[in-house]
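Protein chains in written order, with the working numbering: chain A, 1 to 526; chain B, 1001 to 1319. Beta carbons: idealized from backbone N, C-alpha and C, even for Gly. From a predicted model like this one, the values you see are computed outputs, not experimental measurements. Just below is one structure, and these are the notes that go with it.
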Amino acid sequence: MKFDKTVKAFAIVAALLGATTLASSAQDVSAISGGFDVGPGGFQGNFNPLAATSGFTWLSNYLEPLVIYDAKLESIVGALASSYTVSPDQLTYTFNLADAAWHDGEAFTSADVKFTLGLAQNDKTGSVFAARLGSIAAIDTPDDKTVVITLSAPSAGFLDALTKVMQLPEHALTSVPAEELAKSAWWSTTPIGTGPFKFVKYETDQYVELAANPDYRLGKPAVDQLINRYFENPAAAISALRAGEIQFTYVDSNDVATFAGDAAFQVIEGQSYVTNYIGFNNELDLWKDVRVRQAIMHAINRDAIIESLYGGAARPANCGYVSEQLVPEGINPYGYDPEKARQLLAEAGWDQINGDKPITILTYYGTPLAANVLAAIQAMLAEVGVNIVPRVVDTPAYNAIVYADPLKPEEFPLVYAGLQNGPEPSNINIGLNEAQIPPAGSNFLHVRTPELTAALDAAMAELDPAARNGKYAEVCRVMNETLPWGTMWVASRYGVASSSLTDFVWTPAPAGGPFAAHPEAWKISK
Amino acid sequence: MFRYVSRRLLIGLGMLVALTVLTFILLQLTPGDPIDAYVDPNVSMSQAELDALRARLGLDRALPMQYLAWLGQAIQGNLGYSLQRQSEPVLGLIVARLGPTLLLMGTGLAVAIVVGISAGIISAVRSNTAADYSLSVVALLGISSPAFLTALLGLYVFSVRLKWLPSGGMLTPAASFSVADLVQHLILPAVLLSIGHAAMIMRYMRSSLLEVLNQDYVRTARAKGVREFWVITKHAVRNALLPVVTLIGSTIGLAIGGAIFIESVFNWPGMGLLLVNAVEVRDYPVIMAATLVVGAFVIVVNILTDLTYLVIDPRIKVS
């Protein structure tokens, strides 16, 4: 009897296991699934665009800003603003709004824009844009389809900041007090946008489901569903891609080679817009002599590191920029020359300054690639008599050290870090301008180079778009000459998409963009 | 019995408070705070913006005030809001993770207990035979293999190459809930999780049973003509279970903390991953609450383990 019961129990378990392998999980609707928040541009589980410092790739599928970068990140085009004009003095921006509707059917109007900008300027809402929109003096709404924004002073980065301010519905949020907005469950349960897809469901830490918005002003999306799956581990995302469960994910440069030549996948490459650099702590006498900084640059074989460790997927940076229009002719390429490095160090009296005493280089880059890069740099600098010791900490610890008050410069004589340098070139001002020394900004290395500060101020004050590139080229020239940083390279970033996707657009934009990806046009073949 | 359990629970409560104080102190000693984690250093914000954020989240208050404010709210059941995901209450986050954790760990442990005890019995009864040697080698491999290695191998073989099972998650996104779908997603992580535990249980069971099989009362049972099957299952196994129960008890207690590697590889929304991620971004409310929950669970399971001894061995008395 007991044996019979045991056999029956095993039979039931076996049947259940067998049934599960046959269980159909197929969807009857067309859906594109991807790891859209995998990688540096993502922000898993964040649905409040006012508090977002990244993750805009996903948010822009159901929320839209007034203006947006094009897919190549080369220019700012209209999104919810069908067109815009800027006055010659760069103080007045006039936006003509598109004929759009919120997902609940209400019309999108200028009142929504004024409401949204008010929220974005109010840090009680959790907004991280308050300071960046601080130059707004007035917002006028002469009619439902026109918004006029007046600035108190010209701001080169104003439109760039606006690309990340997702428009929000006044009728849905006006009753929520500002200080309660950050904690509101609205963001992750029933957000309303104007985008091609509508928010359906958030399964905690698993996925977000969007459904096509049939009334989208640019046309009904080609697919019925868009699903953003969360992955803690990039390897898990790649496995899901290879298993056919998702059609897109970000991949590290290390993993790209495994997809090369595979017809089932398309590799998408783009510039990271992050300049990796060795930062010299200007509060220490170690780096006062420019010959020492020049020696560091000549001692590191950047071409070899790019070739062997990045697989060629990076461009050497001889200043903060690598885009051709921002790099003038004739700047010093700081080619690999260890003999010259030794000579420069000898001239500067390196043996008296420091000799072979260990120098900590602090970094928050904890990937195997970064470890190999630092090991290579350590070996190359050791050859010329500079003894660096990498110290890897996580991001909070890194920020706590470099922004410590009072500052302890001996804890970070060098850093290996990165700073966004585009698509808006003024992004590096916060890290190099003397006026941006903390608490004002992020110039935690205390760079005090009057010529560089003047060049940055001049570039940011330039009102003529045609002349701006020339001003930033001058910033590049000064950076190259004075070496506030030892600029290393700008690496590429990658995404891999299934070949079953057509008209799919993705750009490895900093913070995830946003950029005009036109998700309503994405298609998937079965 | 009642007095014993009540006394243990009271002591446990004191330990929990001490645990939260210790956790809070350790968090303050750790470099960086939630604001330092908030922003990608590649995309800088001004220090003034960060300071405003710090003030809004109450992180500029004196440390004792921060702890007491948290404790006062925690006693009332309000564990606050996640600092990173500010629209998510911490209690909701924890509750959402508890179920999947118990499901994964429970299933994994159940498989481990059944397989481990069975294999341990076979190995002990057939000691020094090919079966014993084979099972011992398998157990050694199971104990020695790092969890992340077995997880990645299992994922690669069964999901990527064979496509027999899903690569991760708890349910098929956007599909209607079904038990079959849940089980399909559960099989691979649960079985891989059970490997290490089953190996340990098997080793404990084998050595404990070998010791018991040499006892006089077992010899007596055989001499009386009791069938070998009943000698093993009725007389020997029960007496050999005590050390195994201790092992299982301590494993269950720690199980609520989740299996970080398995959860990471299979994207299983468990407590382990929640806690690790919270530490990475210094999400103080989540860390405090998760530590509290794990601590409470360990205390309760330890009490239950002690009570289980009374059932298994009537000679043990509560004094």
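Within chain B, the residues that ILE401/A reaches when beta carbons sit closer than 7 angstroms: Within chain B, the C-beta atoms nearer than 7 angstroms to that of ILE401/A come from PRO1031, in chain order.
Closer than 7 angstroms by beta-carbon distance: list the chain A residues that pair up with ASN1078/B, in chain order. Neighbours of ASN1078/B on chain A: none; closest Cβ ~12 angstroms, over 7 angstroms.
Chain-ordered neighbours of MET1065/B on chain A, where CB pairs are closer than 8 angstroms: Simply none; closest approach about 20 angstroms.
Supposed close pair ALA1259/B, LEU1193/B - CB separation, criterion 8 angstroms: With 8 angstroms as the limit, ALA1259/B and LEU1193/B qualify as a contact, their Cβ atoms being about 5 angstroms apart.
Does DSSP classify TYR334/A as helix, strand or coil? For TYR334/A, the secondary structure class from DSSP, reduced to helix, strand or coil, is coil.
Specify, as a first and last residue, the run of the alpha helix (DSSP H) that TRP161/A falls within. Correcting the residue identity first, residue 161/A is Ala in this sequence and not Trp. Boundaries of the alpha helix (DSSP H) harbouring ALA161/A: 158–162, taken from the DSSP string.
What's the C-alpha gap between ALA446/A and LEU284/A? The displayed chain sequence assigns His, not Ala, to residue 446/A. Looking at the two C-alpha atoms, the distance is approximately 10 angstroms.
Beta-carbon proximity check, VAL1244/B vs MET1205/B, cutoff 8 angstroms: In this structure, MET1205/B lies closer than 8 angstroms to VAL1244/B by Cβ.
Please name the residue, chosen from LEU162/A, TYR250/A, SER54/A, ILE377/A, that lies closest to ALA304/A on a Cα-to-Cα basis. Nearest to ALA304/A by alpha-carbon distance, out of LEU162/A, TYR250/A, SER54/A, ILE377/A, is ILE377/A.
If you check the beta carbons only, do ASP160/A and VAL148/A fall under 8 angstroms apart? Not closer than 8 angstroms, so no.
Could you give the first and the last residue of the continuous alpha helix (DSSP H) run that contains TYR1156/B? In this chain, TYR1156/B is not harboured by any alpha helix (DSSP H), its DSSP state being neither H nor E.
Kindly examine the ligand ZN and report whether one of its heavy atoms sits closer than 7 angstroms to the Cβ of THR141/A. The ligand ZN is absent from the structure shown, which contains no ligands of any kind.
Of all the residues that make up the stretch 1280–1293 of chain B, which are near chain A by a beta-carbon distance shorter than 9 angstroms? Contact annotation: in the stretch 1280–1293 of chain B, residues whose CB is within less than 9 angstroms of a CB in chain A are GLU1280, VAL1281, ARG1282.
So which residues of chain A does MET1170/B contact, with C-beta pairs closer than 9 angstroms? Correct list: GLU203, GLN206.
Supposed close pair PHE280/A, THR360/A - CB separation, criterion 8 angstroms: Not confirmed; about 13 angstroms, so no contact.
Let's test the definition: count the other Cβ atoms within 10 Å of the Cβ of THR453/A and tell me whether it reaches 16, buried, or not, exposed. Answer is buried; the Cβ neighbour count reaches 16.
Can you look up LYS198/A in the DSSP assignment and give me helix, strand or coil? Of the three classes helix, strand and coil, the one that applies to LYS198/A here is strand, per DSSP.
Count the other C-beta atoms from every protein chain shown that fall within 10 angstroms of the C-beta of MET1001/B, then say buried if there are 16 or more, exposed otherwise. Counting other Cβ atoms within 10 Å of its Cβ, MET1001/B stays below 16 and is therefore classed as exposed.
Can you pull the chain B neighbours of GLU324/A, defined as C-beta to C-beta under 9 angstroms? Residues of chain B passing the Cβ test: none, with the nearest at roughly 22 angstroms.
Cut-off 6 angstroms between Cβ atoms - residues of its own chain near GLY1108/B, not counting five sequence neighbours on either side: ALA1190, LEU1193, SER1194.
Taking only beta-carbon atoms, is ALA1190/B less than 8 angstroms away from chain A? Not closer than 8 angstroms to any Cβ of chain A, the Cβ of ALA1190/B fails to qualify, so no.
Note down, in chain order, every chain A residue with its Cβ under 9 angstroms from the Cβ of LYS1163/B. By Cβ distance, chain A contributes ALA243, GLY244.
By the criterion of Cβ-Cβ separation under 8 angstroms, what are the contact partners of ASP252/A in chain B? Within 8 angstroms Cβ-Cβ: nothing; ASP252/A doesn't reach chain B, min ~15 angstroms.
When DSSP labels each residue in this structure, what does VAL128/A get in the three-state scheme? Three-state DSSP puts VAL128/A in coil, outside helix and strand.
Between the CA atoms of ALA295/A and GLY126/A - distance to the nearest angstrom: GLY126/A and ALA295/A: Cα-Cα distance of roughly 45 angstroms.
Quick check: is the beta carbon of LEU1152/B nearer than 8 angstroms to any beta carbon in chain A? LEU1152/B belongs to the set of residues whose beta carbon lies under 8 angstroms from a beta carbon in chain A.
Would a C-beta distance cut-off of 8 angstroms place TYR1142/B and GLY1196/B closer than the cut-off? One detail in the question is off: residue 1142/B reads as Gly in this sequence, not Tyr. Against a cut-off of 8 angstroms, the Cβ pair of GLY1196/B and GLY1142/B comes out as a contact.
For SER33/A, the residue or residues it bridges with in DSSP: DSSP lists ILE227/A as partners of SER33/A.
Cβ neighbour criterion (16 or more within 10 Å) applied to TYR202/A: That one is buried.
Between which two residues does the alpha helix (DSSP H) holding ASN254/A run? Here the alpha helix (DSSP H) through ASN254/A covers 253–256.
Would you mind reading off the limits of the alpha helix (DSSP H) that contains ALA371/A? ALA371/A: member of the alpha helix (DSSP H) spanning 368–383, first to last residue.
Enumerate in chain order the residues of its own chain whose CB-to-CB distance from ASN427/A is below 7 angstroms, with the five nearest sequence positions on each side excluded. Result list for ASN427/A: GLN420, ASN421, in chain order.
Using a beta-carbon distance below 8 angstroms, is LYS58/A in contact with chain B? Rather than Lys, the amino acid found at residue 58/A in this sequence is Trp. Not one chain B Cβ lies under 8 angstroms of TRP58/A.
Taking only the alpha-carbon atoms, compute the straight-line gap between ILE1303/B and ILE1094/B and give it to the nearest angstrom. Taking the straight line joining both Cα atoms gives about 23 angstroms.
For the candidate residues PRO40/A, ALA130/A, PRO450/A, SER82/A, whose alpha-carbon lies nearest to that of PRO234/A? The residue with the shortest Cα to Cα distance from PRO234/A is PRO40/A.
Apart from the five residues just before and just after GLY45/A, which ones in its own chain have a Cβ nearer than 6 angstroms to its Cβ? Counting only Cβ-Cβ distances below 6 angstroms, and skipping sequence neighbours, we find nothing.
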